[in-house]
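Q: Going by our numbering, the sequence shown runs without a break in its numbering and finishes at 371. Don't be surprised by glycine CBs; every beta carbon is placed ideally from N, CA and C. Predicted model only: the values in this text are computed from it and were never measured.
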Amino acid sequence: GSLPELLAWARAHGRWPLVAKPTGSSGSDGIFFCQGLDDIEAAHSELIGKKNPNGLINCELALQEFLAGTEYIVDTVSHEGKHLCVAIWVYTKRKGVAWNPHCIVSEGNRLLPSSGEVQDVLTDYAFRVLDAVGLQYGPCHTEIMLTPRGPILVEVNARLHGLQGPHLIGLSTGTSQATYAVDALVDNGHLFNQRHVEGPARYQYPLEKHCLQLVLISPVQGYLSVPISKTIQRLGLRSVVEVLPSVQKGQHLSQTSDLNTAAGYVLLVHESSEQIEADRLRIREAEESGQLYMVSPTPLPESPLCSPQSPGALRYTSPVMQSMEKAEEVWEDAAAGIGGSGTTTTAVPIDGETGSPSKAAAFQMSGL
Numbered sequence: 004g005s006l007p008e009l010l011a012w013a014r015a016h017g018r019w020p021l022v023a024k025p026t027g028s029s030g031s032d033g034i035f036f037c038q039g040l041d042d043i044e045a046a047h048s049e050l051i052g053k054k055n056p057n058g059l060i061n062c063e064l065a066l067q068e069f070l071a072g073t074e075y076i077v078d079t080v081s082h083e084g085k086h087l088c089v090a091i092w093v094y095t096k097r098k099g100v101a102w103n104p105h106c107i108v109s110e111g112n113r114l115l116p117s118s119g120e121v122q123d124v125l126t127d128y129a130f131r132v133l134d135a136v137g138l139q140y141g142p143c144h145t146e147i148m149l150t151p152r153g154p155i156l157v158e159v160n161a162r163l164h165g166l167q168g169p170h171l172i173g174l175s176t177g178t179s180q181a182t183y184a185v186d187a188l189v190d191n192g193h194l195f196n197q198r199h200v201e202g203p204a205r206y207q208y209p210l211e212k213h214c215l216q217l218v219l220i221s222p223v224q225g226y227l228s229v230p231i232s233k234t235i236q237r238l239g240l241r242s243v244v245e246v247l248p249s250v251q252k253g254q255h256l257s258q259t260s261d262l263n264t265a266a267g268y269v270l271l272v273h274e275s276s277e278q279i280e281a282d283r284l285r286i287r288e289a290e291e292s293g294q295l296y297m298v299s300p301t302p303l304p305e306s307p308l309c310s311p312q313s314p315g316a317l318r319y320t321s322p323v324m325q326s327m328e329k330a331e332e333v334w335e336d337a338a339a340g341i342g343g344s345g346t347t348t349t350a351v352p353i354d355g356e357t358g359s360p361s362k363a364a365a366f367q368m369s370g371l
């Protein structure tokens with residue numbers, strides 16, 4: 004958290020740009036794209052002492068080199084120390100937006116064919132990472148930056164792909180990542196052994212349909228007066244299979260500067276990659292023209308009292324919260340009748356005769 008130390012390191016490093024981000028946050032929250040010392044000072048002023056989406060106070064920043072290159076995701080499943088690549092994705096990111104020139108916004112990720120020179124490099128590197136960390140069984144999500152120096156590890160996490168990723172893998176390749184995970188963990192790897200190929204060759208998943216997980220980027224803010232799913236439905240896009248809005252009608256929509264302020268996600272699947280690209284461009288056009296986000300500067304009659312962010316209120320919505328890190332806190336809040344702006348109060352299952360919501364119901368209420 005020491006600004007002089009951060010500035011001294013940046014001067015000694017001597018290469019720009021740099022990336023500043025809080026050490027205890029997630030979901031690309033608070034990432035600053037810094038071109039000079041003034042930007043580092045701005046990041047420090049903006050982030051230190053503020054509460055992040057995990058409910059923690061930012062007390063220190065990480066300052067690191069900006070990796071020039073393209074970022075990829077390699078989704079795998081492992082059984083008895085052997086590995087199967089079930090999906091390779093490529094990220095698209097936007098460095099700065101008109102309303103926040105220092106942020107880095109994810110635009111989405113697209114599923115790639117299994118074969119190719121880049122895919123071979125990524126898969127080989129990911130498998131060596133899995134061996135290095137000792138992963139023997141189950142799914143893993145590995146993010147890799149392919150730079151002029153070669154592949155560099157960004158994240159390795161023993162989990163499924165977030166959001167609807169496992170389902171999209173199933174729609175596009177014929178087999179969900181969740182199916183592979185269950186097979187490896189509880190079915191003795193029956194399916195895994197059918198498809199695993201001993202090196203140097205490897206199993207190559209079929210790409211039956213193209214798919215894209217598109218992040219919705221809102222250039223406006225205000226109280227949402229028309230559901231995002233409805234405005235997208237009006238566009239009549241052939242490849243859209245699901246819309247996952249982060250904000251519901253009456254809630255406060257923020258200008259997007261990271262994943263936590265994304266307006267939502269659109270899942271596109273189609274036999275034609277050209278159709279997906281045409282639909283993606285149509286969505287971006289609707290965002291820029293004001294057609295997609297209908298907002299009011301003042302609260303609507305149905306707006307929650309805690310919207311926008313009131314003290315202590317957390318934004319519990321399914322696309323944003325992609326892990327179970329706060330599950331117990333969510334359960335405690337639900338049992339006590341407390342909810343953030345993203346909770347619902349519809350009927351939920353009840354535990355026995357106690358009259359209290361079940362934990363599964365608490366997660367449902369919170370969008371988990």
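Out of 191, 92, 240, point me to the one whose CA is closest to residue 122's CA.
A: Comparing Cα-Cα distances from residue 122 to each of 191, 92, 240, the minimum goes to 92.
Q: By DSSP, does residue 296 sit in helix, in strand, or in coil?
A: Residue state, collapsed to three classes: coil.
Q: Mind the definition here: the segment 168-178 touches the segment 81-92 only if three or more C-beta pairs lie below 8 Å; say whether that holds.
A: Cβ pair count under 8 Å is three or more, so yes.
Q: Classify residue 264 as helix, strand or coil using the three-state DSSP reduction.
A: Helix.
Q: Put residue 57 into one of helix, strand or coil per three-state DSSP.
A: In this structure, residue 57 counts as coil in the three-state DSSP scheme.
Q: With a threshold of 16 other CB atoms inside 10 Å of the CB of residue 284, please say whether the residue is buried or exposed.
A: Burial call: exposed.
Q: Among the residues of its own chain, which have a CB less than 8 Å from the CB of residue 209, if the five just before and after it don't count?
A: 117, 176, 177, listed in sequence order.
Q: Check this for me: beta carbons of residue 55 and residue 25, under 7 Å apart or not?
A: Their beta carbons are under 7 Å apart, which means residue 55 touches residue 25 by this criterion.
Q: Any idea which residues DSSP pairs residue 74 with across the strands?
A: Residue 74 pairs with 148.
Q: Per DSSP, residue 97 is paired with what?
A: According to DSSP, residue 97 bridges with 108.
Q: Would you check if there are 3 or more beta carbon pairs closer than 8 Å linking the segment 60-78 to the segment 123-132?
A: Flag = yes, the segment 60-78 and the segment 123-132 touch.
Q: Once DSSP output is grouped into helix, strand and coil, what is the label at residue 79?
A: Reduced to three states, the DSSP call for residue 79 is strand.
Q: Count the other CB atoms within 10 Å of the CB of residue 251; is the residue buried (16 or more) or exposed (fewer)?
A: Flag for residue 251 reads buried.
Q: Please classify residue 335 as buried or exposed, where buried requires at least 16 neighbouring CB atoms within 10 angstroms.
A: At residue 335, the pLDDT of 46 sits below 50, so the modelled position is not reliable and the matter cannot be decided from this model.
Q: At what residues does the beta strand (DSSP E) containing residue 215 begin and finish?
A: Here the beta strand (DSSP E) through residue 215 covers 213-219.
Q: For residue 51, which residues in the same chain have their Cβ closer than 6 Å to its Cβ, ignoring the five residues on either side in sequence?
A: So the qualifying residues of the chain are 4, 61.
Q: Please work out which residues of its chain come closer than 8 Å, Cβ to Cβ, to residue 9, disregarding the five sequence neighbours upstream and downstream, and give them in chain order.
A: Same-chain partners within the cutoff: 23, 43, 47, 64, 66.
Q: Drop a sphere of 10 angstroms on the beta-carbon of residue 203, count the other beta-carbons inside from all chains shown, and report buried for 16 or more, exposed for fewer.
A: Its Cβ having fewer than 16 others within 10 Å, residue 203 is exposed.
Q: Below 7 Å CB to CB, which residues in the same chain sit around residue 187 once its five sequence neighbours on both sides are set aside?
A: Taken in chain order, the residues that qualify are 80, 81, 82, 140, 141, 195.
Q: Can you pull the DSSP bridge partners for residue 269?
A: For residue 269, which the question treats as bridged, DSSP gives the partners 217, 246.
Q: Suppose you measure from the CA of residue 269 to the CA of residue 218; what does that come to, to the nearest Å?
A: In a straight line, the C-alpha of residue 269 is about 7 Å away from that of residue 218.
Q: Leaving aside the five residues before and after residue 242 along the sequence, list all residues of the same chain whose C-beta is less than 7 Å from its C-beta, in chain order.
A: These residues qualify, in order along the chain: 271, 272, 273, 278, 279, 282.
Q: Which of helix, strand or coil does DSSP assign to residue 195?
A: Residue 195 falls in the helix class under three-state DSSP.
Q: Skipping 5 residues on each side, what residues in its chain have a beta carbon closer than 7 Å to that of residue 181?
A: Closer than 7 Å at the Cβ level, and outside the excluded window around residue 181, lie 163, 169.
Q: Between which two residues does the alpha helix (DSSP H) holding residue 121 run?
A: That run of the alpha helix (DSSP H) goes 120-136.
Q: Taking 7 Å as the threshold (C-beta atoms), are residue 73 and residue 166 in contact?
A: No, the pair does not count as a contact, with Cβ atoms beyond the cut-off.
Q: Measuring only the C-alpha atoms, how far is residue 238 from residue 294?
A: The alpha-carbon atoms of residue 238 and residue 294 are separated by roughly 10 Å.
Q: List the residues that DSSP assigns as beta-bridge partners of residue 67.
A: Looking at the DSSP assignment, residue 67 forms a beta bridge with 22.
Q: Beta-carbon within less than 6 Å of residue 183's beta-carbon, same chain only, minus the 5 sequence neighbours each way: which residues are those?
A: If we look at residue 183 and ignore the five residues flanking it on each side, its Cβ neighbours are 80, 89.
Q: Cβ of residue 107 within 7 Å of Cβ of residue 34?
A: Yes. Within cutoff.
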